[in-house]
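Notes follow once the structure below has been shown.
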Amino acid sequence: GRTPVTVTITGAGGQIGYALLFRIASGGMLGDDTPVRLRLLEIPQGLRAAEGAALELQDSAFPLLAHVDVTDDPAVAFDGANVALLVGARPRTAGMERGDLLQANGGIFGPQGRAINDHAADDVRVAVVGNPANTNALIAASNAPDVPRERFTALTRLDHNRALGQLSAALGTPVGGIRGVTIWGNHSATQFPDVAHATAGGDPVPTVLAARMGGTEAAHDWLVDQFIPRVARRGAEIIEVRGSSSVASAASATIDHVRDWVLGTGDRGWTSAALWSHGEYGVAEGVISSFPVTSQDGTWSVVEGLAVDAFARERIDASVAELVDEREAVRSLGLI
Ligand code: NAI
């Protein structure tokens, strides 16, 4: 059979880890003809939970699962990694300042970036899920000088999928009939979910919204007052309703992100992912920002040539300003 692909998952003993592992092992991420070898990284307090998940993986008898290792040593965890899912992070606790949060995460993503640099496979592809995801990805990338920066990405696919879900509900179009949605900027409340170029069932979404809502202005108000905040604050809504954070949808979006990256977006149009900026669409160079992207042959490309109107410009700039701010903060802490 084929050589297994090595997938490293950090925070594998946590909630998203638990929701991810079984889908990866069943072939949902890399395809049902690709065997996988899983390496689960945890901190000492999380090792038992990860070991327990490994027992359940064994009990699931997945034909594609070649091997599972559990470790608290990043050098072991990233050894030969082809795909690295950086899920474990330091959450913000009550009273914690942004500087403390970034410092604590720098202590995680700096060493993990160095371990990826020194031990991962040449083709390693990294997806950062742990928050603040974009800046954690920047820290990891900056600590891995031998790995192309394009291989470090952060997850905004959950935001993208949330936007699809909201549009689908508002328009009565199945999600499969909606294309051309974009999340711009940071995976945070400043993100800009943009439907200006979207189509539903082949019709331009702005036109469909205007027809449904009684004019262009009403449609714009719906976007600004309902759609954008609902998508951007969906995480808080899930916590309020469910009594616990989004886990299954986050794991599902992580699977979508890696599957599209490795296997390609094909003819399904673009999606959203946070990538190292080379200055596309006026986004500051050297931050990890969400863009409209397609993937082919294992490489993401930013979709070119979309018109950005004044409203979009303002929203993109505001979210990118936050990313630049976070970068300055981690720079002044010596983390990058
Ligand atoms: P969790 O707290 O259940 O699990 C996190 C796990 O990471 C814990 O088991 C912990 O022991 C482990 N961990 C902490 N530091 C580590 C390190 N240095 N190395 C290895 N493992 C480490 O949290 P959950 O629900 O699984 O969420 C994980 C992260 O994902 C959080 O930062 C959360 O904010 C983020 N998230 C991101 C989303 C996105 O769209 N980008 C969506 C949802 C959650």
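All residue numbers in the sequence shown are consecutive under full-length UniProt numbering, ending with 337.
Ideal Cβ placement from N, Cα and C applies to all residues, glycine included.
Keep in mind it's a predicted model, so treat the numbers as computed, not measured.
{"Query": "Check each candidate in ILE289, ASN187, GLY244 and name the one with the smallest Cα separation from HIS161.", "Result": "ASN187"}
{"Query": "Below 8 Å between beta carbons: does that hold for ARG180 and ALA199?", "Result": "yes"}
{"Query": "Considering Cα atoms alone, identify which of ILE109, ALA76, ARG152, PRO133 is closest to ASP119.", "Result": "ALA76"}
{"Query": "For GLN297 and ARG126, what's the separation of their Cα atoms in angstroms?", "Result": "14 Å"}
{"Query": "Between which two residues does the alpha helix (DSSP H) holding LEU21 run?", "Result": "16-26"}
{"Query": "Please list the segments of the alpha helix (DSSP H) lying wholly inside the UniProt domain \"Lactate/malate dehydrogenase N-terminal\" (7-147), counting only runs of 4 or more residues, in order along the chain.", "Result": "16-26, 48-61, 75-78, 99-120, 134-143"}
{"Query": "Within this structure, are the beta carbons of ALA134 and THR9 separated by less than 8 Å?", "Result": "no"}
{"Query": "Could you give the DSSP three-state label for PRO5: helix, strand or coil?", "Result": "coil"}
{"Query": "Please work out which residues of its chain come closer than 8 Å, Cβ to Cβ, to GLY81, disregarding the five sequence neighbours upstream and downstream, and give them in chain order.", "Result": "THR7, HIS120, ALA121, ALA122"}
{"Query": "DSSP on SER273, reduced to helix/strand/coil?", "Result": "strand"}
{"Query": "Would the segment 93-104 and the segment 40-60 be scored as touching if the rule is three or more Cβ pairs under 8 Å?", "Result": "no"}
{"Query": "Looking at the strands, I want to know which residues DSSP matches up with PRO293.", "Result": "SER273"}
{"Query": "Could you pull out every unbroken alpha helix (DSSP H) segment of at least 4 residues lying fully inside the segment 198-253, listed in chain order?", "Result": "206-214, 217-223, 229-233, 235-243"}
{"Query": "Could you please give the first and the last residue of the uninterrupted beta strand (DSSP E) stretch that includes SER320?", "Result": "Note, SER320: premise wrong, no beta strand (DSSP E); alpha helix (DSSP H) at 311-333."}
{"Query": "May I ask whether a heavy atom of the ligand NAI can be found less than 7 Å away from the beta carbon of LEU39?", "Result": "no"}
{"Query": "Per DSSP, THR174 is paired with what?", "Result": "THR174 pairs with nothing; no bridge assigned."}
{"Query": "Looking at the secondary structure, which residues open and close the beta strand (DSSP E) in which PRO194 lies?", "Result": "193-195"}
{"Query": "Less than 7 Å separating the Cβ of GLY276 from some heavy atom of the ligand NAI?", "Result": "Reading the sequence as shown, one finds Leu at residue 276 and not Gly. Not so, every heavy atom of the ligand NAI lies at least 7 Å from the Cβ."}
{"Query": "Using DSSP's beta-bridge definition, name the partner residues of ALA155.", "Result": "VAL129, ALA275"}
{"Query": "For the beta strand (DSSP E) that contains THR266, what are its first and last residues?", "Result": "Where THR266 is concerned, there is no enclosing beta strand (DSSP E), given that its DSSP letter is neither H nor E."}
{"Query": "Where LEU41 and LEU87 are concerned, what is the direct C-alpha to C-alpha distance, given to the nearest angstrom?", "Result": "11 Å"}
{"Query": "First and last residue of the beta strand (DSSP E) that includes VAL304?", "Result": "Premise fails: VAL304 is in no beta strand (DSSP E) and is neither H nor E."}
{"Query": "Is it the case that the segment 317-333 contacts the segment 99-110, given that we only count it when at least three CB pairs across the two stretches are under 8 Å?", "Result": "yes"}
{"Query": "Does the Cβ of LEU159 lie closer than 7 Å to at least one heavy atom of the ligand NAI?", "Result": "yes"}
{"Query": "Three-state secondary structure (DSSP) at ILE337?", "Result": "coil"}
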